[in-house]
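Please read the structure below before turning to the comments.
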Amino acid sequence: MNCPIAKFSPKAPVNDTNATVVMRVPQPLFNASLPMNPPHLMDRFEITVSSAIAARHLTEVNLGTIRYMGQQSASPPTVPLNGEPLAVELVNTTYIDGGLRGHRVDALTTTDQLTAWVADHADQFGSELSAALMGQACTPRTHKQFLSLRSALRSCLQSVVDDSAPSSEPLAIINEFSCYSASRLELSPADPVTVRTRWDVADPWLVALGIVASDVCKLLLPDRIDQVRACPAPGCILFFVKSHPRREWCSPVCGNRARVARHARSDRGRTVSDR
Numbered sequence: 067m068n069c070p071i072a073k074f075s076p077k078a079p080v081n082d083t084n085a086t087v088v089m090r091v092p093q094p095l096f097n098a099s100l101p102m103n104p105p106h107l108m109d110r111f112e113i114t115v116s117s118a119i120a121a122r123h124l125t126e127v128n129l130g131t132i133r134y135m136g137q138q139s140a141s142p143p144t145v146p147l148n149g150e151p152l153a154v155e156l157v158n159t160t161y162i163d164g165g166l167r168g169h170r171v172d173a174l175t176t177t178d179q180l181t182a183w184v185a186d187h188a189d190q191f192g193s194e195l196s197a198a199l200m201g202q203a204c205t206p207r208t209h210k211q212f213l214s215l216r217s218a219l220r221s222c223l224q225s226v227v228d229d230s231a232p233s234s235e236p237l238a239i240i241n242e243f244s245c246y247s248a249s250r251l252e253l254s255p256a257d258p259v260t261v262r263t264r265w266d267v268a269d270p271w272l273v274a275l276g277i278v279a280s281d282v283c284k285l286l287l288p289d290r291i292d293q294v295r296a297c298p299a300p301g302c303i304l305f306f307v308k309s310h311p312r313r314e315w316c317s318p319v320c321g322n323r324a325r326v327a328r329h330a331r332s333d334r335g336r337t338v339s340d341r
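Shown next, in the form of structure tokens:
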């Protein structure tokens, strides 16, 4: 594909030996060989460079050397499973799209995506906290803390399903953030008197962080811990809580995929035995 030179300012991770530079090219740069899209849409290209530092200083690139990715939607990735406890929901924002030969997707790569995720779980956070969250912007620091908690939760849940003891580092992260969920009830003068929740920390995003961390503590109580599952379907990395005695997969899609894989293995076994 031959395209004109496009100027851009990539933001590549400094520590990566190989960096993938993602750029969005406006419609006027397309030539006649590319599919034409509405003017408000952008098309996405990727180029892998050998040095991240070089990528940071790269100001122009011949589009003929890069891979055309096609039109990309501005909407965030759609997590394939919902309806689980908050802690599991956060862990499941990383998933595999496409099964065994698919690719890993992170649905929380930006502060906007985290804000959308919190809004989608307003019922679980409660109306009072959700209103406070929507009234205050999510900061990069808070975003980083949520990702740190997500990593700790995944490590902890994986240890649980493997029937092994979680390591101390993820437990320390969970316990540290869980402190932010501390609260008390207060009466407010009104007619009739109203009851409101007062949290020990003022930042609602820290409170939300604490509520998710506390949620996994409740999930791992003796009467619930045995219901925590990792989906056994090929290529799936999602967790779920076994809400029904016959539930074995995170979703019917994974159940179908597992049955297809089992049938394929059975066919291969019969072929070998017939030789």
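Each residue of the sequence shown is one higher than the one before, starting from 67 at the first, in the working numbering. Just so it is clear, CB atoms sit at the ideal spot from N, CA and C, and this is done for glycine as well.
Inter-residue CB distance, residue i and residue j (contact presumed, cutoff 8 Å)
{"i": "residue 301", "j": "residue 162", "result": "5 Å"}
{"i": "residue 152", "j": "residue 281", "result": "4 Å"}
Enclosing beta strand (DSSP E) for residue i [first to last residue]
{"i": "residue 249", "result": "249-254"}
{"i": "residue 268", "result": "Premise fails: residue 268 is in no beta strand (DSSP E) and is neither H nor E."}
{"i": "residue 295", "result": "294-296"}
Proximity winner among the options, relative to residue i (alpha-carbon distances)
{"i": "residue 196", "options": "205, 203 and 185", "result": "185"}
{"i": "residue 189", "options": "292, 150 and 231", "result": "150"}
{"i": "residue 180", "options": "233, 146, 216 and 170", "result": "216"}
{"i": "residue 248", "options": "318, 273 and 227", "result": "273"}
{"i": "residue 214", "options": "275, 311 and 280", "result": "275"}
{"i": "residue 193", "options": "292, 270, 282 and 281", "result": "270"}
{"i": "residue 228", "options": "235, 294 and 311", "result": "294"}
{"i": "residue 226", "options": "207, 167, 311 and 287", "result": "287"}
{"i": "residue 245", "options": "267, 319 and 167", "result": "267"}
Span separating the alpha-carbon of residue i from that of residue j
{"i": "residue 156", "j": "residue 263", "result": "24 Å"}
{"i": "residue 204", "j": "residue 303", "result": "27 Å"}
{"i": "residue 250", "j": "residue 243", "result": "17 Å"}
{"i": "residue 290", "j": "residue 284", "result": "8 Å"}
{"i": "residue 171", "j": "residue 326", "result": "23 Å"}
{"i": "residue 224", "j": "residue 296", "result": "7 Å"}
{"i": "residue 148", "j": "residue 183", "result": "11 Å"}
{"i": "residue 305", "j": "residue 176", "result": "23 Å"}
{"i": "residue 292", "j": "residue 278", "result": "20 Å"}
{"i": "residue 239", "j": "residue 212", "result": "11 Å"}
Spatial neighbours of residue i in its chain, beta-carbon cut-off 6 Å, leaving aside the 5 residues before and after
{"i": "residue 220", "result": "157"}
{"i": "residue 241", "result": "none"}
{"i": "residue 259", "result": "253"}
{"i": "residue 316", "result": "147, 297, 304 and 306"}
Close beta carbons around residue i, own chain, < 7 Å, minus the five adjacent residues each side
{"i": "residue 323", "result": "165, 299 and 300"}
{"i": "residue 209", "result": "177 and 180"}
Sequence-distant residues of the same chain with beta carbon closer than 8 Å to residue i, five excluded per side
{"i": "residue 144", "result": "173"}
{"i": "residue 159", "result": "145, 172, 173, 174, 183 and 216"}
Element boundaries [alpha helix (DSSP H), containing residue i]
{"i": "residue 240", "result": "234-244"}
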